[in-house]
Amino acid sequence: MLETKGYAALAAKERLQPFSFERRDVGPYDVLITISHCGICHSDIHQARNEWGISLYPMVPGHEIVGAVSQIGSAIQAFKVGDRVGVGCFVDSCRTCTACREGLEQYCDGGTLWTYSGQDKAGRITQGGYSTQIVVDENYVLRIPSTLSPAGAAPLLCAGITTYSPLRQWGVGRYHKLAVVGLGGLGHMAVKLAKAMGTEVTVLSTSEKKREDAKRLGATSFAVTSNPQTFTKLQGYFDYILDTVSAPHDYNAYLNLLKTDGTMILVGAPERPTPVQAFSLIVKRRRLAGSLIGGIKETQEMLHFCAQHHIESDIELIPIQQVNEAYERVLRGDVRYRFVLDMGSLK
Ligand code: NAP
Ligand code: ZN
Ligand code: ZN
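Add 91 to the 1-based position in the sequence shown for this note's numbering, that's all there is to it.
Quick look at the structure:
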């Protein structure tokens with residue numbers, strides 16, 4: 092077993108604290124990664140606080156992991172010691188169901204094994220990237236292109252793929268008008284990616300203070316949602332809406348901004364449900380959809396897309412000792428636009 096240091100929540104709503112635990116030994120198909128950086132996703136906060144009701148403790152969160160390969164299993168050919176690699180939201184799946192065979196491991200019928208707060212075949216609780224090292228099967232390890240900085244690339248492993256995948260799935264591109272709701276970790280990646288795909292992007296935000304940032308990130312327009320005129324002016328305007336908001340809010344107000352046959356895609360995952368009026372959908376044959384992260388193949392494709400278009404996350408690099416304060420700041424919307432933990436601070 093491999094002695095590993097990390098930060099964990101020991102129970103719901105407890106502050107994260109230093110925590111030592113054991114990783115499994117490196118098996119023939121495993122890669123040992125020394126973690127250099129890990130992003131803080133809002134899902135980490137939902138999970139650490141058991142807001143979705145599925146959390147397992149003790150929990151070392153973190154699924155935006157970047158590091159270097161420090162040991163390889165006897166059967167590994169595709170990776171070598173020193174390679175820069177990443178791990179996202181899952182570390183295994185059944186590998187035989189239709190979803191797995193199509194590269195949609197996040198929708199595995201046999202149950203995707205989440206990077207943390209999952210239970211592996213041996214019955215151990217998986218532990219995530221707020222830690223010094225991780226052992227992962229080679230099929231679930233991503234390559235980080237050398238032109239991307241490790242810290243700026245880490246958030247691509249969740250925030251990047253979660254926004255890239257629906258844009259690709261629905262073919263959002265040059266002739267479309269897209270609204271991105273919420274300019275946070277996911278939202279700012281959505282703006283950058285959609286802009287690179289040639290899309291006209293409008294940011295809909297609760298915070299007037301983000302107007303200049305939205306433009307700098309590549310948005311064509313910006314509107315604040317506290318102003319009721321936003322909802323009359325933009326009625327029926329958008330082909331697509333990508334909703335990245337982490338807290339309950341009125342979906343109907345946004346659905347009314349879609350044109351005929353428009354689609355609103357939820358990626359934000361608030362802890363409580365929101366009623367949807369049938370008429371919000373019926374009157375213009377609108378669709379309400381959802382999307383969960385992305386598969387390994389598409390995540391690798393997204394990383395290459397980002398390298399090609401010089402896209403990284405806008406980050407604030409912090410030591411692990413500041414993780415609890417960072418959680419509070421994420422909840423206040425006070426981050427531009429992703430906290431990334433410098434895991435060197437844990438050694
Ligand atoms: P984040 O950085 O906190 O961003 C969320 C943004 O939502 C905030 O910056 C804020 O933007 C807006 N917002 C917050 N509270 C709001 C409210 N009450 N009403 C309206 N807008 C509000 O979080 P994130 O890391 O991007 O994650 C966003 C959500 O996506 C979380 O629920 C997370 O769990 C989920 N998620 C889902 C997937 C998936 O696969 N589907 C993957 C990763 C994360 P403004 O200041 O611009 O209003
Ligand atoms: Zn995430
Ligand atoms: Zn499967």
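We put the beta carbon where it would ideally sit given N, CA and C, even for glycine.
Relative to the Cα of Val426, the nearest Cα in the group Asp352, Ile131 and Lys171 belongs to Ile131.
Look at the segment 275-299 and you find these whole runs of beta strand (DSSP E), each 3 residues long or longer: 291-296. Relative to ligand 2, the beta carbon of Cys129 is positioned no closer than 7 Å to any heavy atom. With a threshold of 7 Å, the Cβ atom of Thr297 counts as near ligand 1, since some heavy atom of the ligand is closer than that.
With a cutoff of 7 Å, His400 does not count as near ligand 2, since its C-beta is closer than that to no heavy atom of the ligand.
Assigned with DSSP and collapsed to three states, Met355 falls in strand. One thing to note: Gly153 has its Cβ no nearer than 8 Å to the Cβ of Tyr231.
Counting C-beta pairs closer than 8 Å gives fewer than three between the segment 280-297 and the segment 157-170, which falls short of the contact rule. For the set Arg307, Leu348, Ser337 and Ala310, the Cα lying nearest the Cα of Thr321 is the one of Leu348. With respect to the 8 Å criterion, Val157 and Ala245 are classified as neighbours on the basis of their beta carbons.
Boundaries of the alpha helix (DSSP H) around Leu422: Val414 to Leu422.
Following the DSSP letters along the chain, one finds Leu195 in no beta strand (DSSP E), marked with neither H nor E. Cys397: member of the alpha helix (DSSP H) spanning Ile387 to Gln399, first to last residue. Distance check between Met92 and each of Lys375, Ser111 and Ala99 places Ser111 closest, using alpha-carbon atoms only. Residue nearest to Gly177 within the set Asp352, Ser184, Asp228 and Thr316 is Asp228 (criterion: CA-CA distance). Collapsing the DSSP output to three states places Phe181 in a strand.
For Glu419, the closest alpha carbon among the candidates Tyr98, Thr351 and His133 is that of His133. The C-beta distance from Pro257 to Ile356 rounds to 5 Å, short enough to meet the 8 Å contact threshold. Between Ala103 and Arg140, the C-beta gap is smaller than 8 Å, which places the two residues in contact. One thing to note: Leu233 has its Cβ no nearer than 8 Å to the Cβ of Thr125. For Gln260, the closest alpha carbon among the candidates Ser146, Asp433, Gly209 and Ile384 is that of Ile384.
Here Gly118 has Gly164 as same chain residues with Cβ atoms under 6 Å from its own Cβ, once five neighbours each way along the sequence are excluded.
Closest in alpha carbon position to Glu291, among Leu308, Trp205 and Lys301, is Leu308. Around the CB of Thr223, 16 or more other CB atoms lie within 10 Å, so the residue is classed as buried.
With 5 Å as the limit, the residues whose C-beta approaches any heavy atom of ligand 2 more closely are Cys132, Ser134 and Cys249, in sequence along the chain. Distance between Cys191 and Ser184, taken at the CA atoms: about 7 Å. According to the DSSP assignment, Lys324 belongs to the alpha helix (DSSP H) that extends over Pro319 to Lys324. Separation of the CB atoms of Ile409 and Phe430 is rounded to 6 Å, and the pair is thereby assigned contact status at 8 Å. Counting other Cβ atoms within 10 Å of its Cβ, Gln210 stays below 16 and is therefore classed as exposed. When distances are taken from the beta-carbon of Ala169 to the heavy atoms of ligand 1, even the shortest one reaches 7 Å or more.
Sorted by chain position, residues whose beta-carbon lies closer than 5 Å to a non-hydrogen atom of ligand 3 are Ser184, Cys185, Cys188, Cys191, Cys199 and Gly201. With contacts defined by Cβ atoms closer than 8 Å, Gly275 and Gly424 form a contacting pair.
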